[in-house]
Each structure stands twice: as structure tokens, then as C-alpha cells.
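Participant:
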Amino acid sequence: MSGLVDALTAIVGAEGCLSRADEVFPYECDGLSLHAATPGAVVFPRDTSDVVRIVRACAEHGRSFVPRGAGTGLSGGALACDEAVVIECSRMNRVLEVNPEARWARVQPGLVNADLSRAVATHGLFYAPDPSSQLACTIGGNVAENSGGPHTLKYGTTTDHVLGLELVLSSGEVVRLGSACGVAPGYDLVGAVVGSEGTLGVVTEVTVNLEPIPEAIATLLGIFGDVVSACRAVGEIIRSGLVPAALEIMDRRTIEAVEASVYAAGLPRDAGAVLLIELDGPPPALERQRERIRAIAMAQGASRVDVARDADERERFWAARKGAFGAMGRLGPDLYVHDAVVPRAKLPEVIARVCEIGDRYGLKLSNVFHAGDGNLHPNISFDRRNPDELDRVLAAGDEILRTCVDAGGVITGEHGVGTEKRDFMELIFSEADFGAMKRLRRAFDPEQRSNPGKIFPSTRFCTEANPKARGYDRVPLREGEP
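Residues 309 to 790 (our numbering) make up the sequence shown, in order.
1) Mark Arg693 as exposed unless 16 or more other C-beta atoms lie within 10 angstroms of its C-beta, in which case mark it buried.
2) Return the CA-CA distance between Ile319 and Ile362, expressed in angstroms with no decimal places.
3) Is Asp423 helix, strand or coil when you go by DSSP?
4) How would you label Val470, buried or exposed, when you count the other beta carbons within 10 angstroms and need 16 or more for buried?
5) Mark Glu697 as exposed unless 16 or more other C-beta atoms lie within 10 angstroms of its C-beta, in which case mark it buried.
6) Relative to the C-alpha of Leu404, which residue among Arg629, Ser478, Glu519, Leu419 is closest?
7) With a CB to CB cut of under 6 Å and the five nearest residues on each side skipped, what residues in its chain are close to Gly724?
8) Taking the C-alpha atoms as reference points, what is the distance between Glu664 and Ala704?
9) Measure the C-alpha to C-alpha separation of Arg768 and Lys729 and round it to an integer number of angstroms.
10) Given Ala538, which residues of its chain have a CB within under 6 Å of its CB, disregarding the five upstream and five downstream residues?
11) When DSSP labels each residue in this structure, what does Ala345 get in the three-state scheme?
12) For Gly589, list the residues DSSP reports as bridge partners.
13) With 16 as the cutoff for other CB atoms within 10 Å, does Ser357 come out buried or exposed?
14) Specify whether the region 564-580 and the region 514-521 touch according to this definition: at least 3 beta carbon pairs, one from each stretch, less than 8 Å apart.
15) Please tell me whether Ile659 and Val535 are closer than 7 Å, where the distance is taken between their beta carbons.
16) One question on the structure: do Val360 and Cys325 come within less than 7 Å of each other, judged by their Cβ atoms?
17) Verify whether the separation of the beta carbon atoms of Leu594 and Ala526 is less than 7 Å.
18) What would DSSP say about Ile557, mapped onto helix, strand or coil?
19) For Glu519, which residues does DSSP report across the bridge?
20) Just to confirm, are Gly761 and Asp691 a CB contact at a threshold of 7 Å?
21) Hey, quick one: how far does the beta strand (DSSP E) through Arg612 stretch, first residue to last?
22) What would DSSP say about Tyr644, mapped onto helix, strand or coil?
23) Among Glu722, Glu707, Ile736, which one has its Cα closest to the Cα of Gly716?
24) If I'm right that Asp338 touches Leu387 with Cβ under 8 Å, what's the distance once you round it to whole angstroms?
25) What residues are listed by DSSP as bridge partners for Ile545?
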């Protein structure tokens, strides 16, 4: 690595290149701490030209590279397999251009998600995709994973808001895909890159669509005796023809953890579940929609439906929802967050099955999820120092994913495949499907240097990985392929 480190240091300076074991240690995993591997080096480019030179240096030294944002991902997508060089984009964090009339912005990939909405608020605009980690996660990371969030139900995921991209290929060539107007002739290459998890190259600029800030917002909280009833209410709300901005569910164990944490919002601790409902639009429309939703929720077993009295209470409700994952630290030192999607009509039976799986394995399983689009997040709190408990966690996770697929769902909605779910890809794709995907990848990255070891099923292992968890002490890869 010494020759490559010297070359990288010449590009970004000594302060922009980390290579000692103690320096690269914080970058050995993302939010999925069960999977870990030590990077060969970590570099901090400031612009596209830096990235081009870094990628070319990696090619000259036969080394792979991994684009990384804030490291908030939950699927091992930013793992540096085989001592790859991590290209940490956090210093590429500028808003480059805003066109308020056309409602778009051009930004660097290291810009924090929430900072974009702050930057354009003076124009009466906001950026709609809002992952729960939006105070930390970056636009580039959102593009890599096609991130969603609570407001996906009405506004869609990241792919629905990306108009154009600048991409550095593994050869160092820079290409521009899409256009600011959102229309480009030929193949939808922007759509191919969004959600490709960094396997096609390094995104160095993103042009995104902006939305007008809603005229009014109404936030409701339905209180239910159990999570299955709350799921049934979600189905009835959608069947009524209403399209809320968000429909989020938290179960009792989640509520208890949140209310004991800094995110406490006054949620009823004795509730079996709460359904957080948000409506936005013209003020005259919201009053009638509130009453229709209240009637539907009560008919499905809600004991009451509260309406946020003001913006402060609304923010407390959302802080509780988005802080739920952090609050899980009260239930155990480790957390395994799943991410699967099922048809909304199957939510009640699937969530009942998920809870039964958790109980049968004797685990602390809690649910907080995007019910409006069927995106489940079963959370398992555990202690990895207990080998038996870890075995049960992994077995339960396997069964949960298979249950979702059997219900007509898929294995990930917004967290990506990464290293975590690649061996589950065979549940939903055939060898012919994989062949088409691999040919697409090779069209962008013939030598497969960009983020190796992700997405595709595996048969071999990284040469170095941190043995933090029994059963995940090595990260499998396929010989000669990503």
C-alpha cells in the first residue's frame, strides 16, 4: 500500500489521507456493525478532479475503491472489502447551484440531506426524501441506496427526485447523465445509477428536484391496542382514496424505549401501537381529511386520535419517530435493523408473523416502520457477546425475510443489499436476472473496482475482515466477480 498511499497523499495532502490502523478503524463498517473490514486507506477529496485522480491512482496500483458518505447505511454498503480505498465524500458538501424558478438544485454528494432543505427554504422549497437519519446522511449516500423515508408514501424515494448526475467511472472518465429538466433521450442511465450502491462509479454531483413547501400541515396520532389493528387502519385509509404524506407505526416496545430517552414526546406508554399520520396541502382540504381519517382509525379500533396542537408538538412527534432507532440502545447494546417490503394488504398478517418469530426465538423485537408503503423495519435488540443470542438473531432475521418474500414482498426497500442481503438475492432473482445485472455493471466498470463485494451472491471471502461477530468474521465474495 505504501506506493498508493504516497500517490493519494500527493492528491489530497497529508491531512486528507488516512492509512494507519488507528486512523482507518472508524471506517471499517457503516451502521451495520455486524459486518466489518479494514480499509487500505481513507481519502477525503474536495471536488471532482480529486476523485478522478484518486480513482486513476487506484487503477494504477490495482486497488479497488469504495465511495462513502456519512456511514449511516444499514446494509454493509460502505464496507471496504479486500482492503479497498475508501473515498470519503464528506468534504464535498457544497450546494453548487439553485434554480428556484425551475425548482432544482445541483449539489455535491457529501451534502447532508437536511442541509439541502435548509439551504432552499428561503425560496419556499424543500427536498422531499427524508430518511430517519437525514440530520447526518448525505445526498450521495441517498443516491447510492435509493433512500426513502417517512414521506415516501406521497413524495416517492430518492430516484423520483434525481434529475441528473455526474459520475466518475473506474477508469477516471467523467460522464454526465440526465439533465436539469429531468428529460434525456436514450436509456435511463440516471435510473440505473440511483440504487446501484456505488458499484458503477463515484457520484460527484447530483441535480435534484425540489418541492414547494406545503401551505399547511396536519399531524395526527392514532392510539391503538395492538400493532395489527394499526396496520388494518393503514389499509383502510389507502382504500378510502386518501394519500397522506406519511403513515408511520411504532409498537409498544418502541414507544417505551422512546419515552425513556431524550426523544420523549408524551406518547402513551400503555398503547399497543401508535399510528403517526401526516397530511399536507391547502388548508381547506385538510380539515375534512382529518375527520375522515379519524373516523377510519376509530372504526379499526383506535381508542382516540389526537391532532398536534402546534408546530412544536408536531416536531416532538417526529423527533420521537426519527429518534426511535437511537432509543433502541436502551433495549440492548446491539441492534439489527431489518428492511423488507410487503404489499400493504398483507401488512396485518405479516406483522403478526414477525412478532411471532421474535417471540419464538426469545428476542427483544420491536417494530417502527413506514406502514404507508409497506416498508417494514423489525428491530432486534441483543448482545453480540452472547453467541447463542446472536445465533437466534440471525436465524430470526432469515425467517423474517423469507416470510416477507413469501407474502409477495422484497428483501429491501431503502437500506440496500450491500453485504447484508446479497445471499438473499436468490430468493427473488434468477441466474438470468443476475447475468443481466452483471453485464450492466461491467458496461460501467469492466474491471469491477468500484465497491466490490456488494449486491451479488457470494462464495468466497474478503482477505481481511474484523471478526466482531460470530458467523460474520469473514465477508464472502465470489472469485473474480463483485
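Here a beta-carbon is modelled for each residue, glycine too, at the ideal position from N, C-alpha and C.
Facilitator: Looking at the coordinates:
1) Here residue 693 is taken as the residue at index 385 of the sequence shown, counted from 1. The residue in question, Arg693, is exposed, as its Cβ has fewer than 16 Cβ neighbours within 10 Å.
2) Position 11 of the sequence shown holds residue 319. Position 54 of the sequence shown holds residue 362. Between Ile319 and Ile362, the C-alpha separation is close to 7 Å.
3) Taking the sequence shown and counting its residues from 1, one reaches residue 423 at position 115. Correct three-state label for Asp423: helix.
4) Here residue 470 refers to the residue found at position 162 of the sequence shown. Burial call: buried.
5) What you label residue 697 is simply residue 389 of the sequence shown in a count that begins at 1. When all chains shown are included, Glu697 counts as buried.
6) Within the sequence shown, numbered from 1, the residue matching residue 404 stands at position 96. The shortest Cα separation from Leu404 among Arg629, Ser478, Glu519, Leu419 belongs to Leu419.
7) By 1-based counting over the sequence shown, the position of residue 724 is 416. Cβ within range, chain order: Ser383, Gly385, Glu453, Glu505.
8) As a position in the sequence shown, residue 664 is number 356, starting the count at 1. As a position in the sequence shown, residue 704 is number 396, starting the count at 1. Spanning the two alpha carbons is a distance of roughly 10 Å.
9) Position 460 of the sequence shown holds residue 768. Position 421 of the sequence shown holds residue 729. Confidence is the limiting factor: at Arg768 the pLDDT is only 49, short of 50, which leaves the residue's position unreliable, though a coordinate-based value still follows. Roughly 15 Å between the two C-alpha positions.
10) Taking the first residue of the sequence shown as position 1, residue 538 is located at position 230. Correct list, in chain order: Phe532, Ile557, Ala581, Leu583.
11) As a first step, residue 345 must be located in the sequence shown, where it is residue number 37. Three-state result, Ala345: coil.
12) As a working note, residue 589 is residue 281 in the sequence shown. In the DSSP output, where bridge partners are listed per residue, Gly589 has Ala524.
13) By one-based count along the sequence shown, residue 357 stands at place 49. Exposed.
14) no
15) Here residue 659 refers to the residue found at position 351 of the sequence shown. Here residue 535 refers to the residue found at position 227 of the sequence shown. In this structure, Val535 lies closer than 7 Å to Ile659 by Cβ.
16) As a first step, residue 360 must be located in the sequence shown, where it is residue number 52. As a first step, residue 325 must be located in the sequence shown, where it is residue number 17. Contact flag unset, no.
17) Sequence index remark: in the sequence shown, residue 594 carries index 286 (1-based). Sequence index remark: in the sequence shown, residue 526 carries index 218 (1-based). Yes, the pair counts as a contact, with Cβ atoms nearer than the cut-off.
18) Looking up residue 557 in the sequence shown gives position 249. If DSSP states are grouped into helix, strand and coil, Ile557 belongs with the strands.
19) As a first step, residue 519 is located in the sequence shown; it is residue number 211 there, counting from the start. For Glu519, which the question treats as bridged, DSSP gives the partners Phe434.
20) Taking the sequence shown and counting its residues from 1, one reaches residue 761 at position 453. Taking the sequence shown and counting its residues from 1, one reaches residue 691 at position 383. No, Cβ-Cβ distance for Gly761 and Asp691 is not below 7 Å.
21) Reading the sequence shown from its first residue, position 304 is the one you call residue 612. Arg612 -> beta strand (DSSP E) spans 612-615.
22) Indexing the sequence shown from 1 puts residue 644 at position 336. Here Tyr644 sits in strand by DSSP.
23) Position 408 of the sequence shown holds residue 716. Closest option to Gly716, Cα to Cα, is Ile736.
24) The residue labelled residue 338 in the question sits at position 30 within the sequence shown. The residue labelled residue 387 in the question sits at position 79 within the sequence shown. Confirmed, about 7 Å.
25) Numbered from 1 along the sequence shown, position 237 holds the residue referred to as residue 545. Paired residue(s): none; Ile545 is not in a bridge.
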